[in-house]
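Protein chains in written order, with the working numbering: chain A, 21 to 294; chain B, 476 to 723; chain C, 7 to 295.
Yeah, the Cβ is synthetic: ideal placement off N, Cα and C, and Gly gets one too.
Below is one structure, written out as structure tokens; comments come after it.
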Amino acid sequence: MTNQEIITLHPKIFSPLWKRSPIKIIVSLLIFLYLIFSIKYFNISITDFINGLNKMKPILLSMITWNDFLSWNFNSILVGILQTLAMAFLGTIAASVISIPLGLLASRQVMKINLFRFIIRRFLDFIRGVDILIWALIFVRAFGLGPLSGVLAIFVADTGTLSKLYSEAADNSDNKQIEGLVSSGSSKLSTIRFGLIPQVIPIFISQSLYFFESNSRSAVILGIVGAGGIGLQLSERMKAQYWDQAFFIIIIILIMVALIDRLSRFLREKIIND
Amino acid sequence: MKPLRIRNLKKKFKDTVAINGVNLEIEEGKITGIIGRSGSGKSTLLRMINRLIEPTEGTIEFNDIIITDIKGKALRKWRSECAMIFQQFNLVDRLDVLTNVLIGSLGRNYSFLNLFGYFSKEEKINALRNLNRFELTEKSLQRSGTLSGGQQQRVAIARALMQKPKILLADEPISSLDPKNSKRVMDDMLKINREDGITVICNLHSLEVAKKYCDRLIGLSEGEVVFDGKPNELTADISKKLYDLDDE
Amino acid sequence: MNEIILNSHNKSLIRKKRFWNISLIAIILIGIILSSIIIDINSSNLLNGIPRLGDYVSQILPSLESSNLFLSPKDQGSIAYWYFNLPKYLKLLFETFNMALLATIVGSTLALFLSFLAAKNTSPNSLVFFTIRRILEFFRGVPEIIFAILFVWVLGIGPLAGIIAMTLHTTGSLGKLFSEVHENSNNKPIDALKASGGNWLSEMKFGLLPQVLPNLISYVLLRFEINIRASTILGFVGAGGIGQELYLVINFNYYEEVSAIILLIILTVISIDLFSGYLRKNIIGVEND
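This is the structure:
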């Protein structure tokens, strides 16, 4: 068979690129055009970047040259870390506790009245749509600067997400155990207690641990808007341009988060195995 | 004659010795079968020939090149001359058959455009010719994962042929296939050996198949060569030793 | 005899379980007490704050009158009055959206390249593997807003600082996620490419990428959702977008504008979430036909 015969036999294979994979070409083109658009829209210029890099150099340098190390206010840093951990802890516990009834109320198994369930779910969506930092700002207005506002922000933001997760877990739980209970005539409350809850308790605890991990990260940044904790210490030092202390605090934060990560993973594995 | 010379080849994995001093000369243009129990070191030996596994000691020589020493571009060139097919075909399931075959040409003839998934007209014609030898051209635009095991292995052979290889290494090519497809694949390997003169080195776990298709058999047991000769020279005693039980 | 052994074994198991349950509760209670002390929470500052919260909420809620709902921006009680600044908000929302989009595109591209170096099965050597992994962890671990503060200082107030902050964080986060996907995928096609003489780039493009692409795209879409949320608040530190305006109206107590902007943000976030969820279902679905 000659080459030409082969080509005629398989038109699709030898058709031009734009016919063979149009989606790939369109997407690549769109992305390319968008990048050009963004450069104009955001006024991105190389000179800005170079100026920025030049400004970065002294900052980076002062981050790693630590002067007067011993005169730094370690006390405030320690208190900041403890506050942050306390904020994350209390916020997680409070959210976990309240999310259980809320989550059940938002689940198909428990809340049979569609309208109420819809309302509760939209309420939870609303809470989740507002970023935790915005909640922190609002609570700072009401409860003043300090970690109390932070705890409340974590509590509210987490309740939104945790309740949704719990309600989905309840929705997906095995119906058979529940049916078994219902058919043997137990009351609604007992059904929940003995049928639904034992299945989902390990998930509850595991999720709470995961959230504690994530909340300790959030708690760090809440301080930047005044809600206490190590974030406040960090932003104050950055505003005062104590870059070396700021860098030190960042490292402490990274270590703290890494330790909590390890601990949380360890505990969650234990729960799965028990 | 360009034999593949294996001298005193050894491979040690942490505490286990997989290959313990193998000396072989593989003849050009013949089908050589390597037989033995699983764990006897067949796969390790084969993969040292194209250096997917690095030997701990010993040399492999082909055509005055010391295979065990080469690096970088030279190593890639060797690998392109020494095609391999695998027990589990190792195709990219989500890509279509034609692209899977075209991938075989990358070692031999690589261009920057290939990185964007673009292959030249010549290579596509090449690929279709190779697929045609195995009567698989109608499947060219199908995802290779949708083909049967036997068909996938033959696509793999077509891919190997794109490399225009001198040697075909086959690592238990029919172990995942049913008898009918096994016969088809072995027949196809026989075909390319006889028609193209490609040296075939094939790991097989079935003694019966090995005896039927191979010009020469090498028996491995616990990393050492215990038999090297023609299939009809294989006695019942040696079979027992190889497999620790009677002839299959 | 066996029954006795079984029974005592059971009892010790039950005792062990009870021990764990009680210690868990004890730890939680101790934690609560300690934390409350550290933060100085007590019933008084909690109870004092609640009425203030109620006041604040009622202040930021719009004073809409049903009779005037659809009248012009000059009429109090109309929606138009509440949203008199809507053109400005929309402009800022557009900026916010683009910040997130650009950061996601650039961040995922960088993440893709770096992820090949940060996955055990595809990294050229262990030094590169270790270094790139640590770099990715750094970008992922430092909160975006901290980067944003730094870049506002260096580049000035405006969206550019936010874009770069989000790009770095996206690179770190997606880079790590991508490398985990690579490590969990099938090495066989990569082996086949190596065995046919392909170079490292071919191994990645033809051996690895086809397997992992749907997963990667899914993570990128998720990341876009997260970045939209982030870009709404990076403005708090001057990094552009609607966050800057929100910070302003909260601090100057332009009460009704606060609720106006928050509502807009919620609507934006929810619509992007829905759209992205829809894309994710359909792209993964198409790929799996």
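Within chain B, the residues that residue i reaches when beta carbons sit closer than 9 angstroms
i, result
"K32(A)", "S615 and L616"
Identity of the residue in the options nearest residue i by Cα
i, options, result
"D178(A)", "V160(A), R161(A), L153(A) and F163(A)", "L153(A)"
"I169(C)", "H188(C), D197(C) and I111(C)", "I111(C)"
"S69(C)", "N54(C), A86(C), L96(C) and I56(C)", "A86(C)"
"I600(B)", "V660(B), Q617(B), S580(B) and I528(B)", "S580(B)"
"K97(C)", "R140(C), I289(C) and G247(C)", "G247(C)"
"L59(C)", "P222(A), Y186(A), F286(A) and V160(A)", "V160(A)"
"T104(A)", "A117(C), S237(C), S84(C) and L40(C)", "L40(C)"
Chain C contact for residue i (CB, 9 angstroms cutoff)
i, result
"Y186(A)", "no"
"Q626(B)", "no"
"I510(B)", "no"
"Q103(A)", "yes"
"I113(A)", "yes"
"T574(B)", "yes"
As assigned by DSSP and simplified to three states, the class of residue i
i, result
"F230(C)", "helix"
"D722(B)", "With a pLDDT of only 45 at D722(B), under 50, the local geometry of the prediction cannot be trusted, and the value read off the model is given with reservation. DSSP places D722(B) in coil when its eight states are reduced to three."
"D295(C)", "In this predicted model, D295(C) has a pLDDT of only 36, less than 50, meaning its place in the structure is not dependable enough to derive any value."
"L692(B)", "strand"
"K194(C)", "helix"
"T181(A)", "helix"
"K489(B)", "coil"
"R285(A)", "helix"
"I26(A)", "helix"
"R569(B)", "coil"
"I250(A)", "helix"
"R24(C)", "helix"
"I138(C)", "helix"
"G508(B)", "strand"
"I241(A)", "helix"
"I540(B)", "strand"
Whether residue i touches residue j by CB criterion (9 angstroms)
i, j, result
"L644(B)", "L682(B)", "no"
"N127(C)", "N51(C)", "no"
"P648(B)", "I560(B)", "yes"
"N575(B)", "V630(B)", "yes"
"S185(C)", "L199(C)", "no"
"S282(C)", "S555(B)", "no"
"L479(B)", "I632(B)", "no"
"I44(C)", "L80(A)", "no"
"F175(A)", "I118(A)", "yes"
"S187(A)", "S127(A)", "yes"
"P167(A)", "D46(C)", "yes"
Closer than 8 angstroms at the beta carbon, the chain F residues around residue i
i, result
"F242(C)", "As a matter of chain content, chain F is missing from the structure shown, whose protein chains are A, B and C."
Neighbouring residues, chain A, relative to residue i (Cβ below 7 angstroms)
i, result
"P6(C)", "Examination of residue 6(C) is not possible in this model, given that chain C is present from 7 through 295 alone."
"S41(C)", "A106, F109 and L110"
Chain B within 9 angstroms of residue i, Cβ atoms only
i, result
"K296(C)", "Here chain C comprises residues numbered 7 to 295, so residue 296(C) is not present and cannot be evaluated."
"L5(A)", "Given that chain A is displayed from residue 21 to residue 294, the structure contains no residue 5(A) and the question cannot be resolved."
"A106(C)", "no"
"G213(C)", "yes"
"M83(A)", "no"
"V276(A)", "The residue you asked about is not Val; residue 276(A) is Met in the sequence shown. Chain B contact via Cβ: absent."
"P36(A)", "no"
"P130(C)", "no"
"N23(A)", "yes"
"F26(A)", "The residue you asked about is not Phe; residue 26(A) is Ile in the sequence shown. True, the Cβ-Cβ gap to chain B drops below 9 angstroms."
Below-9 angstroms beta-carbon distance, residue i vs any chain A residue
i, result
"E723(B)", "With a pLDDT of 46 at E723(B), under the threshold of 50, the predicted position of this residue should be treated as unreliable, and no value is reported."
"D295(C)", "For D295(C), the predicted structure reports a pLDDT of 36, less than 50, and the residue's modelled location is therefore unreliable. A value from the coordinates is still provided. Not one chain A Cβ lies under 9 angstroms of D295(C)."
"K639(B)", "no"
"R604(B)", "yes"
"T621(B)", "no"
"T612(B)", "yes"
Cross-chain neighbours of residue i in chain B, by beta carbon under 8 angstroms
i, result
"N71(A)", "Here the premise fails: no neighbours, minimum Cβ distance about 35 angstroms."
"D197(C)", "L527, F561 and N565"
9 angstroms Cβ cut-off: residues of chain A touching residue i
i, result
"L55(C)", "Sequence inspection shows Gly at residue 55(C); the Leu mentioned does not correspond to that position. Within 9 angstroms Cβ-Cβ: F159, A162, F163, G164, L168, S169 and L172."
Within chain C, the residues that residue i reaches when beta carbons sit closer than 7 angstroms
i, result
"G579(B)", "S202"
Residue i: CB within 8 angstroms of a non-hydrogen atom of the ligand MN
i, result
"A154(C)", "With respect to the ligand MN, the structure offers nothing, as it holds no ligand at all."
Under 8 angstroms from the C-beta of residue i: neighbouring residues of chain C
i, result
"K552(B)", "G203"
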